[in-house]
Amino acid sequence: MTGIARRGASDRHAADDAGTVDAAPRKLVVLLADGLRADTARDYMGYLQALNEAGRAQWRSLRCELPSLSRPLYATVINGEPPLTHGILGNGQAGQRLTRHLFQALEAHGVPAAVAAYHWFYELLAGEVFDPLRHRDAVPAGCGLSAARWYWEDDYPDSHLLADAESLRRAHLPASGPSLLFIHPMGPDLAGHLHGGESTAYAMSARKLDMLLAQLLPRWHAAGFDLLLTSDHGMHADRMHGGPLAVEREVPLIWVPHDGAVELPLPDRQTGIASWLLARLGIDGHGSGNDLGDGIDGLGLLNGADGDEVPAA
Numbered sequence: 100m101t102g103i104a105r106r107g108a109s110d111r112h113a114a115d116d117a118g119t120v121d122a123a124p125r126k127l128v129v130l131l132a133d134g135l136r137a138d139t140a141r142d143y144m145g146y147l148q149a150l151n152e153a154g155r156a157q158w159r160s161l162r163c164e165l166p167s168l169s170r171p172l173y174a175t176v177i178n179g180e181p182p183l184t185h186g187i188l189g190n191g192q193a194g195q196r197l198t199r200h201l202f203q204a205l206e207a208h209g210v211p212a213a214v215a216a217y218h219w220f221y222e223l224l225a226g227e228v229f230d231p232l233r234h235r236d237a238v239p240a241g242c243g244l245s246a247a248r249w250y251w252e253d254d255y256p257d258s259h260l261l262a263d264a265e266s267l268r269r270a271h272l273p274a275s276g277p278s279l280l281f282i283h284p285m286g287p288d289l290a291g292h293l294h295g296g297e298s299t300a301y302a303m304s305a306r307k308l309d310m311l312l313a314q315l316l317p318r319w320h321a322a323g324f325d326l327l328l329t330s331d332h333g334m335h336a337d338r339m340h341g342g343p344l345a346v347e348r349e350v351p352l353i354w355v356p357h358d359g360a361v362e363l364p365l366p367d368r369q370t371g372i373a374s375w376l377l378a379r380l381g382i383d384g385h386g387s388g389n390d391l392g393d394g395i396d397g398l399g400l401l402n403g404a405d406g407d408e409v410p411a412a
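According to our numbering, the sequence shown holds residues 100 to 412 in order.
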C-alpha cells in the first residue's frame, strides 16, 4: 500500500496549479462536520453562503468514498486512501490503528497540529480503545500532534467542541508559520440519526453550526488562518448512511481563505483532501515532482512508528 494516497491526474493537476498560485505555506482550520449533506449545507448555512456570494469563499461538493460510514471515512480524510485500501471498513473496528496519516508528515516537517475530535479519531491514531477517564486530552505517542481534546458522547454540543478547539489553537499553535487545527463536530450526524436527513432538526443542526462559524471565522481570519469545511458522508431520510445514494455521498467542500485566494484549485475526490492539505502547509513532494505518498515514504513514516501493518480486511 502507498501512504498518503497517490493522487489521480485531476488531483495532481489541481495541486500543481495551486502551487503556482499559493506558494507560501498557510495556517489552516479544517472543519469536518460529521454527516453534513452538500444540499443541506447549501440551503441552510447562510453565513457561509454570504461569503460565497461576496466572492470570499469557493463552494463545491464532492462524493465521499464507499462505504459511506464514519470510521472508514475519518481514515480516508487523514490518510488519502479509500477504505478498501487502508482496511478500515466499518464503524465496529474499535482500537484499530491507521498506520499512515497526514499528521505524521506534519511532524516530520515541524508543522504543529492540534485536534478537537470524536474519540474514534483517537483510536485511529493510537491503536487502542479510548478510555474517557484516561485519554480526554491524551496525545498518542508518535501521532504527530501538539495537543488534542477528544469527546465520546455523540450529543457533546458543537458549541463546546468549537470552544475546545479555539482554546487549543490559542494555547498550542504558533502565531506565525504553517499550522493545522482539525475540528470534528458531530451535530449534523446526531440529528440525522435521530430524526432523518430531511428533518427540521437536521436542517437546524446545519443552521446552528453556521451561526457558530459566524462567531469564530472572523477570529481565525484575523489570526491568519484559512478554513476548509467538508464532511465525511451525508444522511438519508431513513436516519442512516453507508450506501451509494447521492444523499449519503454528496458532501460540501468549502474553502474560505483569510486573504482572498478564493480561486485556489480544490481536490475533486475525498482521497485528495490529505494531499491538498499537506500542499497548503508547504509539504508537496519536497520539490521532486513525486506524489505526496512517495515523499513521505522517503522519510520512513509510512510504515508506522513501530513498523506494524494493519492488513486490509
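Idealized CB from N, CA, C, for every residue including glycine.
May I have the straight-line CA-CA distance separating residue i from residue j, to the nearest angstrom?
i: L280; j: L344; result: 31 Å
i: I177; j: A373; result: 5 Å
i: S278; j: H208; result: 11 Å
i: L150; j: P364; result: 18 Å
i: L128; j: F324; result: Here residue 128 is Val; the residue named in the question, Leu, does not match the sequence. In a straight line, the C-alpha of V128 is about 6 Å away from that of F324.
i: E95; j: L326; result: Here the chain covers residues 100 to 412 and nothing more, so residue 95 does not appear.
i: R162; j: A137; result: 9 Å
i: R199; j: R268; result: 24 Å
i: A132; j: G359; result: 23 Å
i: G381; j: Q203; result: 14 Å
i: W230; j: W249; result: According to the sequence shown, residue 230 is Asp rather than Trp. Going by the C-alpha atoms only, they are around 10 Å apart.
i: H448; j: E222; result: There is no way to answer for residue 448, as the model of the chain reaches only from 100 to 412.
i: G154; j: H320; result: 15 Å
i: E227; j: E152; result: 45 Å
i: A212; j: L272; result: 7 Å
Here's the rule: buried if 16 or more other CB atoms are within 10 angstroms of the residue's CB, otherwise exposed. What is residue i?
i: T370; result: buried
i: R125; result: buried
i: G145; result: exposed
i: M310; result: exposed
i: T299; result: exposed
i: P366; result: buried
i: G333; result: buried
i: R170; result: buried
i: A240; result: exposed
i: E417; result: There is no way to answer for residue 417, as the model of the chain reaches only from 100 to 412.
According to DSSP, which residues form a beta bridge with residue i?
i: W354; result: Q157, L327
i: A162; result: The question names Ala, but residue 162 in the sequence shown is Arg. Answer is E349.
i: W249; result: A216
i: L131; result: T329
Which residue's Cα is closest to the Cα of residue i: the options?
i: T337; options: H292, S304, A300, V355; result: One point to set straight first is that residue 337 is Asp, not Thr, in the sequence displayed. The candidate whose alpha carbon is nearest that of D337 is H292.
i: D383; options: I177, L205, E180; result: L205
i: A274; options: V210, Y221, G243; result: V210
i: L168; options: Q203, D288, Y255; result: D288
i: I353; options: R318, T175, A123, S160; result: S160
i: R318; options: S266, E227, T329; result: S266
i: G189; options: C242, Q157, P166, G276; result: P166
i: P184; options: V355, R379, A174; result: In the sequence under discussion, the amino acid at residue 184 is Thr, which differs from the Pro named in the question. Checking every option, the nearest Cα to that of T184 belongs to A174.
Nearer than 7 Å: is that true of the beta carbon of residue i relative to any heavy atom of the ligand ZN?
i: G191; result: No copy of the ligand ZN appears in this structure; indeed no ligand is present at all.
> Where in the region 272-317 do unbroken runs of the beta strand (DSSP E), each at least 3 residues long, occur, reported from the N-terminal end onward?
Replying inline: 278-282
> Of all the alpha helix (DSSP H) runs that stay within the bounds of the region 168-220, which reach a length of 4 or more residues?
Replying inline: 169-178, 182-185, 201-207
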